[in-house]
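Q:
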Amino acid sequence: MASFPIQPISRFHGVKTSIKRPFEIAHYSVDRNRQVHVYSDEQLRFYYPPFFPELSKDVQTPHQRPDLSTGFDKFIKRDESVDEHLDGLLDTLIEHETRAGEIVQADVVAFRGQITKIMTSPFDRHADFEMNATCYQGAIYIEENLEHRDNGKPHRTQKNDQAMFQYWGYKFESLATLPRPWSDCSREEIESRDDEACDNIAEYCSVVRTSIGVSNLVIGGEVDCVLGGKPEDPSSQPVSYIELKTSKRLENDRDALNFEQKMCRFWAQSFLLGVPTIVVGWRSRNGYLLELEEISTQKIPGKVKREGRGTWDGNICINFTAAFLDCLKATLQPHDGNDGGVWRVEFKKGMPGIGIRKVEATGTGRIIKEEFKRHREKMAELKAQRDKFAAKEVLDRLGR
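Sequential numbering from 1 applies to the sequence shown in the UniProt record's numbering.
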C-alpha cells in the first residue's frame, strides 16, 4: 500500500505550481429520469435573484423573509443508492471525441467532487473519503466509492437535520434561478418561484480541461446557473457560471471561523470548474433567507490570507494537489510489471496521508463502461488508418 503523507504541509509552502485556466470543452443535461443528453442546454438555469425588502436591524425574527423550508414535505429526492459511476462524463467524452475526430488527451478524468476532496484534505478536519481509481490508456479515471459513502451516513436525528440543511440549499437555487432568460419568462414564473416544487434529480453539467502542475485534467461537474448566457465558443472565454451557496448568518467569532473553513471547499469547487462567481445566501438559524452576497472566486484565497485566521492556504492546496496527482500517476500507470487493476484511494481521520492500495488485480472494474472502451478502440483504428494514409501520401510525393 502506497501512502502520500499530508504532514508536514509546510513542504508545500512557497512552491510555484503552474495552473491552466479551466475551459469548457462540452456540457450535458441530466433529465428527471436521470437520462443524459449530451450538448443539451435543457437543464441550464439562469441567475435571477429573489427580491425582498431590506431587513431592519431591530428585527430579530425575520419572518417576512423567504422561508427556505417551504415545500420540504414535497421535496423529490434523487435515489443516491444508484451508482452511476462516470457514465455521464464518459458519454459526453464519446460524443465530443467523435465530433472532433480525436481523443481528449488527459492524465486524470474525474468529477469535480473527487478532486475537491483531494485539494482540500490538507485543511479539512473532517475529511473522510474513499475513491476507486484505474488506469486506462495512460489516463487515471477516478470515481467515488459509493459503498463507503453509504456506510458513513449519519444517525436518524443527524440525518433529519442534515436533510433540512441540504433542502435549504436546493430551495435557494429554486428562488435564485429561472428555467430560461428573464426576458423569456412570464411574470407568473418569476413571482411564483417560492411555490415551485424542488428536486435534486435534474442537473446541468460542464466538462472542462485544465492542468495543475504537469497533470492535465478533464473534470465534469454540476453548475447551478449562468449569468446572462453562454458565449458561442466557451473554450475561448470564461463562462459566467455562478455557484449558489447558503450559510448561516455570522453571529460570533466561532461562526466566522467555521465559515472561513467552509470557504476552502467553496473556493476549490469553483476554482476547479472555472466558475468565476459564488453567491452566498445568508440565512437565519431557522432557515429564513436574509441577504445575498456576491463573492469573486479568484479573490477568496487572498481575502482569507489578509483578513482571516490562517485556517487554509489556496497555494498550498494547489501545490499539494499537483504533488499528489504525480504520486497517483507514478503508482497506477503501468511500470515494473504493474499493469491495470482497480485501486482504492482513501483518507480517514487519524491517517497520516492519503492511502493508495490495489483492490482488484486486473481490469477497470465498473469505473469505465464498455461502450467507452469500444469507442476508444474505434478511435484508435481510425487514427491508424489516417496515419497510414498520411505516410503513403508522403512516400508518393517522394516518388517511392
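Note that CB positions come from ideal geometry on N, CA and C, so glycine has one too.
Only counting the same chain, and skipping five residues up and downstream in sequence, which positions put a Cβ closer than 6 Å to that of residue 5?
A: So the qualifying residues of the chain are 352 and 353.
Q: Is residue 248 helix, strand or coil by DSSP?
A: strand
Q: When the Cα atoms are used, what is the spatial distance from residue 67 to residue 223?
A: 24 Å
Q: Would you kindly report the start and end of the unbroken beta strand (DSSP E) that includes residue 111?
A: Here the beta strand (DSSP E) through residue 111 covers 108-111.
Q: Out of 191, 83, 315 and 289, point me to the one whose CA is closest to residue 147's CA.
A: 83
Q: Just how far apart, CA to CA, sit residue 381 and residue 142?
A: One alpha carbon belongs to residue 381, the other to residue 142, and they sit about 26 Å apart.
Q: Ends of the beta strand (DSSP E) at residue 375?
A: Run containing residue 375: none in the beta strand (DSSP E); it sits in the alpha helix (DSSP H), 370-397.
Q: Buried or exposed for residue 375, going by 16 or more other Cβ atoms inside 10 Å?
A: buried
Q: Would residue 192 be called buried (16 or more neighbouring beta carbons within 10 Å of its own) or exposed?
A: Flag for residue 192 reads exposed.
Q: I'd like the list of long-range same chain contacts for residue 358, defined as Cβ closer than 6 Å, with 5 residues on each side in sequence excluded.
A: 341 and 343
Q: Report the residue from 194, 98, 271 and 297 whose alpha carbon sits nearest the alpha carbon of residue 377.
A: The candidate whose alpha carbon is nearest that of residue 377 is 98.
Q: DSSP three-state label for residue 96, please.
A: helix
Q: Residue 203: buried (16+ other C-beta within 10 angstroms of its C-beta) or exposed?
A: buried
Q: Is residue 362 helix, strand or coil by DSSP?
A: coil
Q: Among the candidates 88, 347 and 139, whose CA atom is the shortest distance from the CA of residue 333?
A: 139
Q: Taking the Cβ atom as the reference point for each residue, do residue 26 and residue 47 lie within a distance shorter than 8 Å?
A: no
Q: Ordered along the chain, which non-local residues of its own chain (more than five positions away) have a Cβ less than 7 Å from that of residue 379?
A: Contacts found: 97 and 103.
Q: Can you tell me which of 298, 180, 198 and 151 puts its alpha carbon nearest to the alpha carbon of residue 166?
A: 198
Q: From this set, 134, 29, 75 and 31, which residue's C-alpha is nearest residue 360's C-alpha?
A: 134
Q: Which word fits residue 412, buried or exposed, when buried means at least 16 other C-beta atoms lie within 10 angstroms of its C-beta?
A: Because the chain here runs from 1 to 400, residue 412 falls outside it and cannot be looked at.
Q: Please report the distance separating the alpha-carbon of residue 346 from that of residue 114.
A: In this structure, the alpha-carbon of residue 346 lies about 11 Å from that of residue 114.
Q: Helix, strand or coil for residue 58, going by three-state DSSP, please let me know.
A: Annotation note: pLDDT 49 at residue 58 (below 50); position unreliable, coordinate value reported separately. Coil at residue 58, not helix or strand.
Q: Which two residues bound the contiguous alpha helix (DSSP H) that contains residue 52?
A: It is not in any alpha helix (DSSP H) - residue 52 carries neither H nor E in the DSSP assignment.
Q: Would you grab the beta carbon distance between residue 321 and residue 190 for me? Rounded to a whole angstrom, and I think it's under 8 Å.
A: Not quite, the Cβ-Cβ distance comes to about 41 Å (not below 8 Å), so this is no contact.
Q: Nearest CA to the CA of residue 355: which residue from 312, 118 and 237?
A: Of the listed residues, the one whose Cα sits closest to residue 355 is 118.
Q: Mind checking which residues open and close the beta strand (DSSP E) that includes residue 210?
A: For residue 210, the uninterrupted beta strand (DSSP E) run begins and ends at 203-212, by DSSP.
Q: Express the C-alpha separation of residue 281 and residue 121 in angstroms, rounding to a whole number.
A: For residue 121 and residue 281, the distance between alpha carbons rounds to 25 Å.
Q: Taking only three categories from DSSP, how would you classify residue 174?
A: helix
Q: Beta carbon of residue 220, beta carbon of residue 149: below 8 Å?
A: In this structure, residue 149 does not lie closer than 8 Å to residue 220 by Cβ.
Q: What does residue 73 pair with, by DSSP beta-bridge criteria?
A: Paired residues: none, contrary to the question.
Q: Alpha carbon to alpha carbon, how far is residue 242 from residue 271?
A: Cα-Cα distance, rounded: 12 Å.
Q: Of the residues 49, 398, 306 and 127, which one's Cα is nearest the Cα of residue 348?
A: 127
Q: When the Cα atoms are used, what is the spatial distance from residue 29 to residue 92?
A: 10 Å
Q: Using a Cβ-Cβ cut-off of 6 Å (strictly less than) and excluding sequence neighbours within five positions of residue 58, which residues of its own chain qualify?
A: Note on residue 58: pLDDT 49, under 50, position unreliable in the model; no value is reported.
Q: Compare the C-alpha of residue 275 against each of 247, 296 and 255 and name the closest.
A: 296
Q: So what does DSSP say about residue 22, is it helix, strand or coil?
A: strand
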